[in-house]
Structure formats: C-alpha cells, structure tokens
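Encoded as structure tokens, the structure appears first; notes follow it.
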Amino acid sequence: MKTTPFARISSLTLLGCMAFVTVAGARATIEINVLNDQTKKSFVNAKVSGTYEDSSGGKTPLAEKMTDQRGQYLGFSETAGKFSVRVSAEGFEDAQVSGEVSATDVKVNRRIRKTVYLKKPAPPKPIPIPELPPLKTELAPLTPMATGQVHPQDERKEKALPAAGTENK
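The following block contains the structure:
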C-alpha cells in the first residue's frame, strides 16, 4: 500500500502532539477528602490551604479553596515534593495533613488521597470553686422594751417626720 507524503507528515504530527500532551500534562493530583468526625459525612465548604515544597527545597503556596459538594479539595503538582495542608471550618478544630509526591506519581498522573476529620472542640472544663466557710447568721438579741417606750431609732424617725396636719414652712 502506497502512502502519500502528506499522510506520513500528518501521522507524524499527530504522534508528536500526543507525546507532547502526555509529557506536558504529567502531574500528580493531591486529593484531600474532608469528613465530619461525628457523622463521617462529607464536609462541604471547609477552607483548605497549605504549602508545597519541591525536591529542591522551594516552597510555594497551594491554591486556597473551599471543599466542593463532595467535601473534596484538589491540588496539582508537576514536580516531586512534600505538601502540608491545613483544613478549617467555623465551629470545628483545625486539622492538618501532609504527604509526599514522588516523581513516579507525577509521571503516571497518580492521585495522592488523604482524609481529614474535622472535630468539634471539647467543652471547656469547669473551673473548680473553692468551698467558702459558712456565713454567720446570728442576730443580735432583742431587748424587751417597756410598754410605751420608744426605741432610739424610732425616735429619730419621729423627729424627722412632721406631725400629721402640720405643714413645712
């Protein structure tokens, strides 16, 4: 079977493009699955942030995102290295997870999966209150008064108040 030069060039171009796409598209996917510790259900809208340190020691921040409807965060790496991720959500304790991406992971487009459980904070411990000594509740003894006698405190009240029917001028 005879092939035309144009057909050979097209085939080679197509083959070259496929090789380029395969090499250029090589990357590992960092998949963080966030779950509620109590319910074990996916945690939607948890904030995920972190850093990626490549094999030469260069650090770059990972894209800060919220988890999707499946409680997932996806980050991508085109080089071997280590990652450290912090996950946070209001009303829950922050959680951290770390991992490594190998050169082979990048080459074969591998997914590195990690699961994080967000926990509610423990209730605060009650503060112990020292026992107080009992209060003294003794009253001074009452002294009997003779009939018609006015107590000294009552006398002062009587002097301060005007007598009925009189006016202050």
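Using my numbering, you'd call the opening residue of the sequence shown number 85 and step up by one each time.
Beta carbons are placed, not taken as given, at the ideal position from N, Cα and C, and that holds for glycine.
By the 10 Å Cβ neighbour count, where 16 or more other Cβ atoms means buried, how is residue i classified, buried or exposed?
i: D189; result: buried
i: V107; result: Unreliable placement is indicated for V107, whose pLDDT of 49 sits below 50; no coordinate value is reported for it.
i: T221; result: exposed
i: D178; result: exposed
i: S161; result: buried
i: G175; result: exposed
i: P217; result: exposed
i: A206; result: exposed
i: G284; result: Here the chain comprises residues numbered 85 to 253, so residue 284 is not present and cannot be evaluated.
i: P214; result: exposed
i: L219; result: exposed
Thinking residue i and residue j are a contact (beta carbons under 8 angstroms), I'd like their distance in whole angstroms, please.
i: V181; j: I116; result: 7 angstroms
i: Y157; j: T144; result: Wrong, their Cβ atoms sit about 16 angstroms apart, outside the cutoff.
i: K191; j: A110; result: 6 angstroms
i: D121; j: K203; result: 4 angstroms
i: S139; j: G165; result: 5 angstroms
i: T113; j: R195; result: 5 angstroms
What is the residue span of the alpha helix (DSSP H) that residue i lies within?
i: T188; result: 187 to 191
Which residue or residues does DSSP assign as beta-bridge partners of residue i?
i: L59; result: Residue 59 lies beyond the residue range present for the chain, which begins at 85 and ends at 253; the question has no answer from this structure.
i: K143; result: E137
i: R195; result: T113
i: A206; result: Partner(s): none; A206 has no beta bridge.
i: Q180; result: R170
Quick check on this structure: which residue in the options has the alpha carbon closest to the alpha carbon of residue i?
i: T151; options: V118, S139, E215, F176; result: V118
i: V200; options: L219, K149, F127; result: F127
i: G155; options: L219, S172, S168; result: S172
i: S168; options: V132, P208, Q153; result: V132
i: T163; options: Q153, K124, E148, N193; result: N193
With respect to the beta strand (DSSP E) encompassing residue i, which residues constitute its N-terminal and C-terminal limits?
i: K166; result: 165 to 172
i: Q156; result: 156 to 161
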